[in-house]
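Remarks on the structure that follows.
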Amino acid sequence: MASAPSSTSELPRAGGNHLPDGARDLVKILVTGPFGVGKTTLIDSVSEIRPLHTEEHLTEASVHVDDLDGVREKQTTTVAIDFGRISLSGGVVLYLFGTPGQDRFRTLWDDISYGALGALVLVDSRRIDASFDVLGLVEEAGLPYAVAFNTFPDAPSHYTGEQLRAALDLEPGTPLVTCDARDAHSSVDALLALVQHLIDDRPAEAR
Ligand SMILES: Nc1nc2c(ncn2[C@@H]2O[C@H](COP(=O)(O)OP(=O)(O)O)[C@@H](O)[C@H]2O)c(=O)[nH]1
Ligand SMILES: [Mg+2]
221 MASAPSSTSE LPRAGGNHLP DGARDLVKIL VTGPFGVGKT TLIDSVSEIR PLHTEEHLTE
281 ASVHVDDLDG VREKQTTTVA IDFGRISLSG GVVLYLFGTP GQDRFRTLWD DISYGALGAL
341 VLVDSRRIDA SFDVLGLVEE AGLPYAVAFN TFPDAPSHYT GEQLRAALDL EPGTPLVTCD
401 ARDAHSSVDA LLALVQHLID DRPAEAR
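According to our numbering, numbering within the sequence shown proceeds without interruption in unit steps and concludes at 427.
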């Protein structure tokens, strides 16, 4: 029988699951947006721990409820949450909670958003109006947020940043970026835009 470790440093480490030694600021962030916009994909691409998903297969029954326009290939719909974690430099660790942005999940949204410092709102430029619900929820909760346009191949390319801002009725200070949720670097950049916004937005006495 193997002898018991004499100190905790001898205990096996579960790869990547432990917080880095320098972890200082643990921050809860929402990754939100309409059905099929890429929330699960983004959390998958950046998470340093095995992401937790609570997905359910799309059934005929939900087809009438979940808007499939533009996302025909999608086989699953998030009915609860995705969860992941990413450590940034400077000891900042983001806990990412992917939440559905449809108004019918409002109660769930309220519970999951509790304690969050900010939200990354994913938007699909092929169906901008599908993001109105979630922007309403974020603003109602008073959460600072950044908007990331997820780049789908057939997305219209003619919109200017100003047109997109106007379509979403964004405040001038709200960050607006594009990202490819499948790409970790791109997804991290979108999260960094949000983190920078949270830092800039802090009350002066907290700086
Ligand atoms: N081309 C492209 N496809 C994406 C991107 N993000 C997600 N997808 C695809 O879009 C579909 C929906 O993404 P998913 O993450 O499940 O959406 P969710 O409902 O918001 O969690 C999946 O088939 C993804 O592979 C992206 O940035 N670019
Ligand atoms: Mg999902």
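We put the beta carbon where it would ideally sit given N, CA and C, even for glycine.
Beta-carbon proximity of residue i to residue j, cut-off 8 Å
{"i": "V251", "j": "I263", "result": "yes"}
{"i": "A366", "j": "P392", "result": "no"}
{"i": "L418", "j": "L308", "result": "no"}
{"i": "S267", "j": "G242", "result": "no"}
{"i": "K259", "j": "L390", "result": "no"}
{"i": "L239", "j": "V313", "result": "yes"}
{"i": "D323", "j": "D353", "result": "yes"}
{"i": "L384", "j": "F369", "result": "yes"}
Residues near residue i in its chain [Cβ-Cβ closer than 8 Å; skip 5 each side]
{"i": "I332", "result": "L250, I301, F317 and T319"}
{"i": "T371", "result": "T398, C399 and D400"}
Span of the beta strand (DSSP E), counted from its first residue to its last, around residue i
{"i": "D217", "result": "Limits of the chain in this structure are 221 at one end and 427 at the other, which puts residue 217 out of reach."}
Opposing strand residues paired with residue i [DSSP bridges]
{"i": "T398", "result": "F369"}
{"i": "A339", "result": "L250 and Y365"}
{"i": "L384", "result": "Answer is none; L384 lacks a bridge partner."}
{"i": "R305", "result": "Y315"}
{"i": "D349", "result": "Its beta-bridge partners do not exist; DSSP assigns none."}
Element boundaries [alpha helix (DSSP H), containing residue i]
{"i": "F317", "result": "Looking at the DSSP string, F317 is not in any alpha helix (DSSP H); the run it does join, the beta strand (DSSP E), is V312 to P320."}
{"i": "G393", "result": "Element bounds for G393: n/a, residue is neither H nor E."}
{"i": "H238", "result": "Where H238 is concerned, there is no enclosing alpha helix (DSSP H), given that its DSSP letter is neither H nor E."}
{"i": "T327", "result": "R326 to S333"}
{"i": "L411", "result": "A404 to D421"}
{"i": "G356", "result": "F352 to E360"}
{"i": "V266", "result": "K259 to V266"}
Cβ-Cβ separation, residue j to residue i (assumed contact under 8 Å), whole Å
{"i": "P376", "j": "S345", "result": "6 Å"}
{"i": "A387", "j": "I348", "result": "5 Å"}
{"i": "G321", "j": "G253", "result": "5 Å"}
{"i": "L355", "j": "A410", "result": "Going by Cβ atoms, the distance from L355 to A410 rounds to 16 Å, so no, they are not a contact pair."}
Same chain, Cβ closer than 7 Å to residue i, neighbours up to 5 away in sequence not counted
{"i": "R402", "result": "T261 and S265"}
{"i": "S406", "result": "C399 and D400"}
{"i": "A281", "result": "At A281 the pLDDT is 49, less than 50, meaning the model places this residue with poor confidence and gives no usable figure here."}
Cβ shell of residue i (< 6 Å), same chain only, five flanking positions each side left out
{"i": "Y315", "result": "K248 and R305"}
{"i": "V408", "result": "V266"}
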